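In order, the protein sequences belong to chains C and E.
Per my numbering, residue 5 is the first one in the first sequence, and the count goes up by one each step.
Per my numbering, residue -18 is the first one in the second sequence, and the count goes up by one each step.
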Amino acid sequence: MAEFSWDVRSPLDRALVSGAHGAHGDAGVSLTEIRDFDLIQVMARRGKAADMATAAKARFGIAAPETPKAVRTADATLIWSGPDQFLVLSKGGGHGTEALAQPFASSASLSDQSHTRVLISISGARALTMLAKLSSIDLHPDAFPVGAAAATSMDHASVTLWRGNDRDGLAVFNVLVFATFAESLWHTMLDSAAEYGVDISHSEDMA
Amino acid sequence: MRITCPFCGERELGEFTYLGDAKPVRPVAGASEDEVFDYVYLRDNVAGVMSENWYHGGGCRAWLKVTRNTLTHEISAVEPAAGAGAAKVGA
Ligand SMILES: [Zn+2]
């Protein structure tokens, strides 16, 4: 029998070239792929939404979002992904399927999405201007403040979008996209951001 | 055209897929062939207000029941279809 040596690589392994892209000068947009994360989909079983909410509160010490929002704990982000469901984004296995199985055993079904999505963090002074080309959602701070989230589409690809905590006084937008659509969306983002100058990188750190 | 998803808010048409008339109800087991034929094939061609099924596939992936005027495209109501969201049914 053949021996396989699985090499875990990002779906953006080839497409992502760290460094400067597009217009010269100060980069208006920073695109950072966040690698190596745990992502668990938690979906209430029929009639068990209230029980799931109770279990989430007990597990995370904070209410899971019931409207399009993202909330943070010390080591996890809970992101609304549809009615009676949310995503748990974290690192290091502390909130992986094994850890969450027991707390949600009687109320929700879990599905490990860790290797099905690519996480892209978009920041910089022109981030909003660039995203306005790709999203039909109003991302103005009045309409989409820190903690706002949306299940939406960009360039025909289904994405989970949310605004994280500001960094250096600037908004940070996060996009989770299906792995097989990631390269396509990545190139679209590069095209959209090129005129503002892009700083491309990848990181293991959750912002 | 924009549709206000009860879960996501107002979104562009491109995020939604049209299924069709929300009126037909699946016949009970053992229904006559005529009843099944009606359910599968026959549709009213409504000029005016009708009830339609739409899928928010580019968003929250919930099924919606949309009340729309086919002459003006005016949407007067959007509600979750039966089964959309575990909390909405069979509690
Ligand atoms: Zn929706």
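Note that CB positions come from ideal geometry on N, CA and C, so glycine has one too.
As the structure is a computational prediction, the values presented were derived from the model and not from experiment.
- prompt: Which partner residues of residue 33(C) appear in the DSSP bridge assignment?
  reply: 202(C)
task: Would you kindly check if the distance between the Cβ of residue 91(C) and the Cβ of residue 43(C) is under 8 Å?
output: yes
message: Against chain E, does residue 31(C) count as a neighbour if the rule is that its beta carbon must be under 8 Å from one of theirs?
response: no
- request: Might you give, ordered along the chain, the residues of its own chain that have their beta carbon closer than 6 Å to the beta carbon of residue 100(C), omitting 5 neighbours on each side?
  value: 42
Chain-ordered residues, beta carbon under 5 Å from a heavy atom of ligand 1: -14(E), -12(E), -11(E), 37(E), 40(E) and 41(E)
field: C-alpha gap between residue 135(C) and residue 196(C), whole angstroms
entry: 8 Å
- request: Determine which residues of the stretch 79 to 106 of chain C have a Cβ less than 9 Å from any Cβ of chain E, and write them out in chain order.
  value: 84, 85, 86, 87, 88 and 89
field: Members of the stretch 22 to 46 of chain E near chain C, C-beta cut-off 7 Å
entry: 39, 40, 41, 42 and 43
message: What does the alpha-carbon distance come out to for the pair residue 155(C) and residue 13(E)?
response: 42 Å
task: Closer than 9 Å by beta-carbon distance: list the chain C residues that pair up with residue -3(E), in chain order.
output: None at all; the shortest Cβ gap to chain C is about 10 Å.
message: Assuming residue 231(C) and residue 181(C) are in contact, meaning their beta carbons sit under 8 Å apart, how far apart are those beta carbons, in whole angstroms?
response: Any question about residue 231(C) goes unanswered here, given that chain C covers just 5 to 211.
task: Compare the C-alpha of residue -18(E) against each of 4(E), 5(E) and 55(E) and name the closest.
output: 55(E)
- prompt: Going by the beta-carbon positions, is the gap between residue 38(C) and residue 132(C) smaller than 8 Å?
  reply: no
- prompt: What beta strand (DSSP E) runs, 3 residues minimum, are completely inside the stretch 128 to 208 of chain C?
  reply: 153 to 158, 161 to 167, 177 to 182 and 202 to 207
query: With distances taken from CA atoms, which of 87(C), 79(C) and 24(C) is nearest residue 73(C)?
result: 87(C)
task: Run the CB neighbour count on residue 4(E), radius 10 Å, all protein chains shown included, and call it buried at 16 or more, exposed below.
output: exposed
message: residue 115(C) and residue 39(E) - do their beta-carbons sit closer together than 8 Å?
response: no
- prompt: Can you tell me the Cα-Cα spacing of residue 52(E) and residue 33(E), whole angstroms?
  reply: 14 Å
Residues of the stretch 121 to 141 of chain C whose Cβ lies closer than 9 Å to any Cβ of chain B, in chain order: Absent from the structure is chain B; the protein chains it does hold are C and E.
query: Does the separation of the CB atoms of residue 35(C) and residue 141(C) fall below 8 Å?
result: no
- prompt: Any idea what DSSP makes of residue 11(C), helix, strand or coil?
  reply: coil
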